[in-house]
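First up is the structure itself, then whatever we jot down about it.
There are 2 protein chains.
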Amino acid sequence: MRSRFMQIAGEALRERGYKLTEPRLAILDYLARHDGHPAIQEIYKGIRKKHPGIGMATVYRTLDLFTSLGLVRVLTLESSRLHYEINWPHAHHHHLICTVCGRVIEFSNCNFQQLAAEIEKAAQFTIEEHTIKAYGKCSQCDRSR
Amino acid sequence: MRSRFMQIAGEALRERGYKLTEPRLAILDYLARHDGHPAIQEIYKGIRKKHPGIGMATVYRTLDLFTSLGLVRVLTLESSRLHYEINWPHAHHHHLICTVCGRVIEFSNCNFQQLAAEIEKAAQFTIEEHTIKAYGKCSQCDRSR
DNA sequence: ATGGTAACTGATAATGATTATCATTACCTG
DNA sequence: CAGGTAATGATAATCATTATCAGTTACCAT
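Listed in order, the protein sequences are those of chains C and H.
Position 60 (the first sequence) corresponds to 210 in the working numbering; numbering is contiguous.
Position 9 (the second sequence) corresponds to 159 in the working numbering; numbering is contiguous.
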């Protein structure tokens with residue numbers, strides 16, 4: 151059973167002339183099967199269970215490619231390394247980050263669009279994307295709850 | 151003439167028992183005199199013009215300290231390194247980042263507060279801070295303008 | 001003012017993520 | 001199924017950041 155994401159992503163690669171190689175398929179499969187926001191190192195460990203030959207450099211290259219194709223979204227959850235998530239075009243959302251345990255929770259309420267036109271006009275800027283990060287404490291870590 | 155920021159920051163350090171050392175004062179002075187969002191490397195180069203003895207490790211340590219005291223805010227404008235800006239408590243703002251030239255423009259329209267309570271309730275999360283980054287093209291780089 | 005002391009610093013090495021290099025491999029098209 | 005080329009894996013190189021540690025300095029009590 152191939153996931154919907156695998157189908158769409160495979161299509162996107164083929165359409166633009168990129169080969170459907172083992173590392174690319176393995177990474178797509180990993181992302182499709184694991185919800186969350188993995189860093190490269192986690193993806194690398196994950197895919198090497200089934201594909202021990204895949205090298206770290208390839209994982210970096212592949213995620214750069216997927217990012218440029220809009221298949222994944224890059225998240226700066228930690229300052230020392232990047233995280234990635236599947237980019238579903240119609241699943242607009244942002245992230246809450248617990249400053250105690252590091253947990254990441256998604257939220258989909260977003261009223262930024264209401265402001266965008268105003269900002270664009272004032273700053274003479276064309277907005278194409280936006281990200282919101284909210285820091286605080288999750289229910290596990292906030293004793294006062 | 152000592153700037154308002156220098157006064158406030160110096161006070162904050164003294165109050166909490168931190169010494170007013172040459173590197174700390176030099177970095178405060180640099181930040182007060184240079185608007186913008188410098189990375190560590192720029193701050194280091196900047197202060198070494200007047201204070202050639204200050205080492206890179208001290209700049210890192212000092213900015214970590216200033217961040218923990220709320221004197222500066224950390225920005226993840228680039229994936230490879232952190233940037234810093236003075237944190238004026240009553241000058242809430244966020245950033246537009248040009249994907250062509252890298253220019254960073256501030257905007258102060260922010261309606262996130264309107265949403266925060268709703269998100270907190272839905273996600274069982276206590277929000278303490280938030281950041282918004284909008285990516286796109288500045289007027290210089292957007293030919294269609 | 002001075003001296004003691006802990007906080008702070010500068011130099012350096014160590015770490016960890018990411019990028020560059022390059023010879024080899026494996027997708028795809030015909 | 002063979003050939004050309006994009007893609008890969010291994011390795012080294014780079015760059016930001018952190019850790020270490022011996023020497024220095026700001027500050028308080030004298």
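For every residue, glycine included, the Cβ atom is placed at its ideal position computed from N, Cα and C.
Values in this document were obtained by computation on a predicted structure and should not be read as measured data.
Beta-carbon proximity of residue i to residue j, cut-off 9 Å
i: LEU225/C; j: HIS240/C; result: no
i: ILE277/C; j: GLY286/H; result: yes
i: ASP179/H; j: ILE204/H; result: no
i: GLY186/C; j: GLU235/C; result: yes
i: CYS288/H; j: PHE275/C; result: yes
i: ALA267/H; j: PHE216/H; result: no
i: SER153/H; j: ARG183/H; result: yes
i: LEU181/C; j: VAL222/C; result: yes
Within-9 Å CB hit, residue i to chain C
i: ILE236/H; result: no
i: GLU279/H; result: yes
i: VAL224/H; result: yes
i: ILE269/H; result: yes
i: CYS260/H; result: yes
i: ALA207/H; result: no
i: LEU215/H; result: no
i: ASP292/H; result: yes
i: LEU232/H; result: yes
i: THR212/H; result: no
i: LYS283/H; result: yes
i: ALA266/H; result: yes
Short CB-CB distance (under 9 Å) between residue i and chain H
i: LEU286/C; result: Note that residue 286/C corresponds to Gly in the displayed sequence, not to Leu. Chain H contact via Cβ: present.
i: SER229/C; result: yes
i: ILE255/C; result: yes
i: GLN191/C; result: no
i: SER218/C; result: no
i: LEU221/C; result: no
i: PHE155/C; result: no
i: THR171/C; result: no
i: ALA273/C; result: yes
i: CYS248/C; result: yes
i: ASP179/C; result: no
i: ILE197/C; result: no
i: ILE204/C; result: no
i: LEU297/C; result: Since the first and last residues shown for chain C are 151 and 295, residue 297/C lies out of range.
i: ALA241/C; result: no
i: ALA159/C; result: no
Through-space distance from residue j to residue i, alpha-carbon basis
i: CYS260/C; j: LEU265/H; result: 8 Å
i: ALA272/H; j: GLN290/C; result: 15 Å
i: GLY220/C; j: HIS242/C; result: 13 Å
i: SER230/C; j: ILE247/C; result: 15 Å
i: ALA176/C; j: THR249/H; result: 30 Å
i: TYR168/C; j: HIS233/H; result: 35 Å
i: GLU165/H; j: ILE269/H; result: 36 Å
i: THR171/H; j: ASN237/H; result: 21 Å
i: LYS195/C; j: SER258/C; result: 30 Å
i: ALA207/C; j: HIS201/C; result: 14 Å
i: PRO188/H; j: MET156/H; result: 17 Å
i: PRO173/H; j: PRO173/C; result: 48 Å
i: GLN191/H; j: LYS199/C; result: 40 Å
i: ASP292/H; j: GLU161/C; result: 31 Å
Any non-hydrogen atom of the ligand NAD closer than 8 Å to residue i Cβ
i: GLU235/C; result: What this structure holds is no ligand at all, so the ligand NAD is not there to describe.
message: Pairs of beta-carbons, one from the segment 273 to 285 of chain C and one from the segment 268 to 282 of chain H, closer than 8 Å: are there three or more?
response: Output reads yes: the segment 268 to 282 of chain H touches the segment 273 to 285 of chain C.
message: For the pair the segment 249 to 258 of chain C and the segment 208 to 218 of chain C, tell me if three or more CB-CB distances fall below 8 Å.
response: As far as the Cβ criterion goes, the segment 249 to 258 of chain C does not touch the segment 208 to 218 of chain C, which means the pair count is below three.
query: Mind pulling the beta strand (DSSP E) runs of 3 or more residues that sit fully within the segment 244 to 278 of chain C?
result: Here the runs fully enclosed are 244 to 248 and 254 to 257.
task: Could I get the ranges of all uninterrupted beta strand (DSSP E) runs contained in the segment 183 to 238 of chain C, with 3 residues as the minimum, in chain order?
output: With a minimum length of 3 residues, the continuous beta strand (DSSP E) runs that stay inside the segment 183 to 238 of chain C are 222 to 225 and 233 to 236.
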